[in-house]
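Data block below; observations after.
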Amino acid sequence: MEFEAGAPLDRFSQIVAGQDWVASPLGPPEQWSPSLRTTAEILLRSQAQIILFWGPEFVAIYNAAYMPTIGDKHPRALGRPARENWAELWDDLEPLLEGVRRSGQAFSAKDRPFYLERHGYGETVYFDVSYSAVPEADGSVGGVLCIVSETTERVLAQRRLAESETRFRALVNASSDVIYRMGPDWSEMLALDGRGLLADTAAPRQGWLDTYILPGDQDMIRNATRDAIQAMVPFQLEHRVIQKDGSIGWTSSRAVPILDDAGQVIEWFGAASDVTVRRQASEHLQLVVHELNHRVKNSLAMVQAIAAQTFRNIADPEATHDAQARFAARLGALAQANDLLTGERWTGASLAAAIGLAIEPFRRDLDCFTLDGPEIQISSKTALALTLAFHELAANAVKYGALSDDRGRIAIAWSRYDGDDGPRVRLEWREADGPPVTLPQQRGFGSRLIERGLAGELNGTVELRFPPDGVRCLIDAPLPTEADD
Amino acid sequence: MALRILVVEDEMTIALMMEEMLTDLGHVVVELPMRLAPALAAAQTAAIDFAFLDINLDGVKSYPVAEVLRDRGIPFVFATGYGASGVDPAFADRRVLQKPFDRAELAAEIARLGQPPHTDHTPCSYRP
Numbered sequence: 064m065e066f067e068a069g070a071p072l073d074r075f076s077q078i079v080a081g082q083d084w085v086a087s088p089l090g091p092p093e094q095w096s097p098s099l100r101t102t103a104e105i106l107l108r109s110q111a112q113i114i115l116f117w118g119p120e121f122v123a124i125y126n127a128a129y130m131p132t133i134g135d136k137h138p139r140a141l142g143r144p145a146r147e148n149w150a151e152l153w154d155d156l157e158p159l160l161e162g163v164r165r166s167g168q169a170f171s172a173k174d175r176p177f178y179l180e181r182h183g184y185g186e187t188v189y190f191d192v193s194y195s196a197v198p199e200a201d202g203s204v205g206g207v208l209c210i211v212s213e214t215t216e217r218v219l220a221q222r223r224l225a226e227s228e229t230r231f232r233a234l235v236n237a238s239s240d241v242i243y244r245m246g247p248d249w250s251e252m253l254a255l256d257g258r259g260l261l262a263d264t265a266a267p268r269q270g271w272l273d274t275y276i277l278p279g280d281q282d283m284i285r286n287a288t289r290d291a292i293q294a295m296v297p298f299q300l301e302h303r304v305i306q307k308d309g310s311i312g313w314t315s316s317r318a319v320p321i322l323d324d325a326g327q328v329i330e331w332f333g334a335a336s337d338v339t340v341r342r343q344a345s346e347h348l349q350l351v352v353h354e355l356n357h358r359v360k361n362s363l364a365m366v367q368a369i370a371a372q373t374f375r376n377i378a379d380p381e382a383t384h385d386a387q388a389r390f391a392a393r394l395g396a397l398a399q400a401n402d403l404l405t406g407e408r409w410t411g412a413s414l415a416a417a418i419g420l421a422i423e424p425f426r427r428d429l430d431c432f433t434l435d436g437p438e439i440q441i442s443s444k445t446a447l448a449l450t451l452a453f454h455e456l457a458a459n460a461v462k463y464g465a466l467s468d469d470r471g472r473i474a475i476a477w478s479r480y481d482g483d484d485g486p487r488v489r490l491e492w493r494e495a496d497g498p499p500v501t502l503p504q505q506r507g508f509g510s511r512l513i514e515r516g517l518a519g520e521l522n523g524t525v526e527l528r529f530p531p532d533g534v535r536c537l538i539d540a541p542l543p544t545e546a547d548d
Numbered sequence: 070m071a072l073r074i075l076v077v078e079d080e081m082t083i084a085l086m087m088e089e090m091l092t093d094l095g096h097v098v099v100e101l102p103m104r105l106a107p108a109l110a111a112a113q114t115a116a117i118d119f120a121f122l123d124i125n126l127d128g129v130k131s132y133p134v135a136e137v138l139r140d141r142g143i144p145f146v147f148a149t150g151y152g153a154s155g156v157d158p159a160f161a162d163r164r165v166l167q168k169p170f171d172r173a174e175l176a177a178e179i180a181r182l183g184q185p186p187h188t189d190h191t192p193c194s195y196r197p
């Protein structure tokens with residue numbers, strides 16, 4: 064094959080020139096038709112990726128630029144029918160080439176996929192292609208000229224980008240976080256997706272601080288963003304926000320700078336999660352701890368008070384032993400009442416539960432106590448006082464009263480009635496069938512606790528009586544109304 | 070000198086102990102109310118020289134009682150488990166007795182009688 068004088072002959076052209084064209088169906092170049100020769104010369108000089116399929120067998124002639132796209136098919140493909148070397152995609156390629164050859168109509172496509180084996184394995188690759196007919200002198204179609212441009216890398220990169228974009232959208236949708244974008248200096252909010260928690264910002268705007276941040280918190284936010292901008296580090300802050308409904312919530316917010324190729328911040332991209340419930344729980348815990356501290360001190364003061372009065376004026380060792388036992392029993396009643404109230408979260412308890420708790424340790428058999436009365440809810444403090452007072456009544460009954468032998472029994476009955484200033488309760492402790500009662504010679508702490516202590520606690524009257532047939536305790540007190548709670 | 074004392078304390082065991090301590094010190098506890106309404110009535114009408122006032126009466130603050138005592142010119146101190154930090158700023162100049170306390174501390178408070186309450190701002194501390 065000869066080239067025009069002065070035309071650069073590259074190495075590939077020399078290969079074409081040196082090819083054993085006698086073995087090719089095309090025969091030696093001297094015998095090629097003028098049209099084939101001209102077309103071959105044009106493609107060999109071109110920098111574009113071009114292959115010519117000539118004749119009914121689509122014998123391949125291609126240039127150096129095209130060579131990399133077919134990998135190890137070169138050099139065996141040169142001058143050979145296409146079917147021999149494109150066997151793996153012949154079903155796809157032949158109709159395209161045949162269509163152009165028969166109709167003379169050009170075919171073109173962008174990012175056209177082809178299944179190709181060019182490096183010892185099959186892969187799908189992509190090309191922009193333009194196939195056109197090359198006419199012979201007589202007007203018939205001599206071959207198909209294919210100008211191509213491999214786009215595999217671009218297609219795969221676009222696909223990875225699209226997948227990344229899809230994953231990013233999924234991430235944003237999977238999260239319940241508020242998503243926001245800020246300008247480089249944070250003066251402008253580009254967008255905010257409030258997720259129903261905060262008001263949305265759809266278009267870039269200034270003045271976003273007034274929408275989302277309380278006036279008193281704005282300096283804190285400005286300082287935090289300024290620090291992040293200066294140090295070029297993620298912005299991270301847990302702060303209060305004005306929610307969409309106008310209420311105040313808490314968010315944990317974090318934003319990272321997005322940089323351009325020159326390292327300049329284009330925008331800040333952030334997410335903020337709603338931590339309102341956690342903050343509230345934390346504040347509630349603070350309150351609970353404070354209240355617990357108070358209760359512990361109060362309990363210690365009560366223990367001190369009980370001890371001081373239990374061990375008052377004790378002379379002989381036997382009395383000391385007795386007092387120690389009483390002290391332990393009183394602390395036991397106090398602890399039991401605490402358990403009851405903790406179970407009710409210190410919101411109060413029922414009258415029957417408070418009394419039942421106090422008498423339980425003294426219950427000799429099922430019949431020795433009877434409780435009869437309507438359900439009445441009392442405050443925690445009143446329950447505590449009632450438990451302590453009824454503990455004293457029961458302890459006295461075991462020591463001196465109806466429960467000091469095995470026949471006695473105690474009836475506890477209460478009823479509600481309307482007094483002048485509102486609802487009241489009348490309660491009677493009545494011992495019966497025990498040994499004859501004698502008037503106690505001196506009143507101890509137990510009696511004072513019942514008559515003076517419980518009366519004060521209930522803001523009512525408490526009366527202890529000692530008739531021979533059994534001790535009685537009569538209680539009359541106002542019932543707590545809503546206003547008292 | 071035996072004083073007539075009002076003790077307002079919502080915890081009955083503590084109220085009884087204070088009554089006993091004050092009785093031992095030679096004073097008379099004229100009233101022992103444990104809720105706001107009876108405490109207010111006692112503060113308004115009872116003939117008293119001194120008062121101990123618990124701040125939290127079953128969840129209700131006792132400041133109305135403090136106001137009545139202040140208006141009547143009756144000296145009083147707060148007694149509370151919350152400590153001085155729990156006192157309303159309006160009564161920040163009043164002494165606060167931290168629970169639990171002992172008889173000597175009660176006696177010391179009473180001994181301050183005659184000193185105007187605003188001359189001494191040091192909070193009394195709990196002595197273990």
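Protein chains in written order, with the numbering used here: chain A, 64 to 548; chain B, 70 to 197.
Here a beta-carbon is modelled for each residue, glycine too, at the ideal position from N, C-alpha and C.
Being a predicted model, the structure only gives us computed values, none of them experimental.
Rounding to the nearest angstrom, what Cα-Cα distance links residue i and residue j in this structure?
| i | j | result |
| --- | --- | --- |
| M283 of chain A | P247 of chain A | 18 Å |
| Q38 of chain A | Y129 of chain A | Nothing about residue 38 of chain A can be read from this structure; chain A reaches only from 64 to 548. |
| L152 of chain A | G167 of chain A | 22 Å |
| D428 of chain A | V488 of chain A | 28 Å |
| Q306 of chain A | V296 of chain A | 27 Å |
| M87 of chain B | V366 of chain A | 13 Å |
| L234 of chain A | A220 of chain A | 21 Å |
| Q440 of chain A | G411 of chain A | 7 Å |
| T339 of chain A | G312 of chain A | 5 Å |
| A421 of chain A | F529 of chain A | 21 Å |
| A200 of chain A | D83 of chain A | 26 Å |
| S98 of chain A | L322 of chain A | 56 Å |
| A172 of chain A | I210 of chain A | 11 Å |
| F170 of chain B | A370 of chain A | 13 Å |
| A143 of chain A | I124 of chain A | The sequence as given places Arg at residue 143 of chain A; Ala does not occur at that position. Approximately 8 Å between the Cα atoms of the pair. |
| D191 of chain A | F177 of chain A | 11 Å |
| N361 of chain A | R285 of chain A | 46 Å |
| E161 of chain A | R217 of chain A | 29 Å |
| E67 of chain A | A150 of chain A | Any reading at E67 of chain A must be qualified, since the residue scores a pLDDT of 43, below 50, and its modelled position is unreliable; the value itself is stated next. Rounded to whole angstroms, E67 of chain A to A150 of chain A spans 35 Å at the Cα level. |
Sorted by chain position, which residues of the same chain lie with C-beta nearer than 6 Å to residue i's C-beta, five sequence neighbours on each side aside?
| i | result |
| --- | --- |
| L72 of chain B | H96, D118 and F119 |
| E526 of chain A | L537 |
| T25 of chain A | Residue 25 of chain A lies beyond the stretch modelled for chain A, which goes from 64 to 548, so this question has no answer here. |
| L89 of chain A | V122 |
| E178 of chain B | V146 |
| L447 of chain A | A400 |
| L208 of chain A | L115, S195 and V197 |
Alpha carbons only, please: which of the options is nearest the one belonging to residue i?
| i | options | result |
| --- | --- | --- |
| A540 of chain A | A:Q293, A:G162, A:A103 and A:E520 | A:E520 |
| A287 of chain A | A:A318, A:L219, A:I114 and A:D435 | A:A318 |
| S413 of chain A | A:F298, A:W477, A:E93 and A:L208 | A:W477 |
| R393 of chain A | B:T82, B:V76, B:I74 and B:V77 | B:T82 |
| P133 of chain B | B:L105, B:A115, B:V146 and B:E100 | B:L105 |
| A452 of chain A | B:A116, B:S154 and B:L85 | B:L85 |
| L101 of chain B | B:D123, B:L94 and B:D157 | B:D123 |
| S315 of chain A | A:D308, A:I329, A:Q299 and A:D324 | A:Q299 |
| L107 of chain A | A:A127, A:K136, A:V163 and A:D324 | A:A127 |
Who are the neighbours of residue i on chain B, taking C-beta pairs under 9 Å?
| i | result |
| --- | --- |
| G485 of chain A | None at all; the shortest Cβ gap to chain B is about 12 Å. |
| N522 of chain A | P102, M103, R104, A106 and P107 |
List the residues of chain A whose Cβ lies closer than 8 Å to the Cβ of residue i, in chain order.
| i | result |
| --- | --- |
| L85 of chain B | A368, Q372, F508, R511, L512, R515 and G516 |
| L101 of chain B | R515 and G519 |
| E89 of chain B | A371, Q372 and R375 |
| T92 of chain B | Neighbours of T92 of chain B on chain A: none; closest Cβ ~11 Å, over 8 Å. |
Report the neighbours of residue i on chain A: residues whose CB is nearer than 9 Å to its CB, in chain order.
| i | result |
| --- | --- |
| K168 of chain B | K360, N361, L363, A364 and Q367 |
| D79 of chain B | K444, G519 and E520 |
For residue i, which residues in chain B fall below 7 Å Cβ to Cβ?
| i | result |
| --- | --- |
| H357 of chain A | G150 and Y151 |
List the residues of chain A whose Cβ lies closer than 7 Å to the Cβ of residue i, in chain order.
| i | result |
| --- | --- |
| D127 of chain B | S442 and K444 |
Please return the same chain residues whose Cβ sits closer than 8 Å to the Cβ of residue i, not counting the five positions on each side in sequence.
| i | result |
| --- | --- |
| A460 of chain A | F425, L466, S467, G471, I473, E494, G497 and V534 |
Within the same chain, show all residues whose beta-carbon is closer than 7 Å to that of residue i, passing over the 5 residues directly before and after it, in chain order.
| i | result |
| --- | --- |
| A457 of chain A | A421, I422 and F425 |
| Q269 of chain A | S250 and E251 |
| F332 of chain A | R244, A318, V319 and I321 |
| I292 of chain A | D248 and W249 |
| R139 of chain A | N148 |
Comparing the CB of residue i with every heavy atom of the ligand NAP, is any distance shorter than 7 Å?
| i | result |
| --- | --- |
| R108 of chain A | Annotation note on the ligand NAP: not contained in the displayed structure, which lists no ligands. |
(Q) Counting only Cβ-Cβ distances shorter than 9 Å, please list the residues of the region 439-458 of chain A near chain B, keeping chain order. (A) Correct list: S442, S443, K444, T445, L447, A448, L451 and A452.
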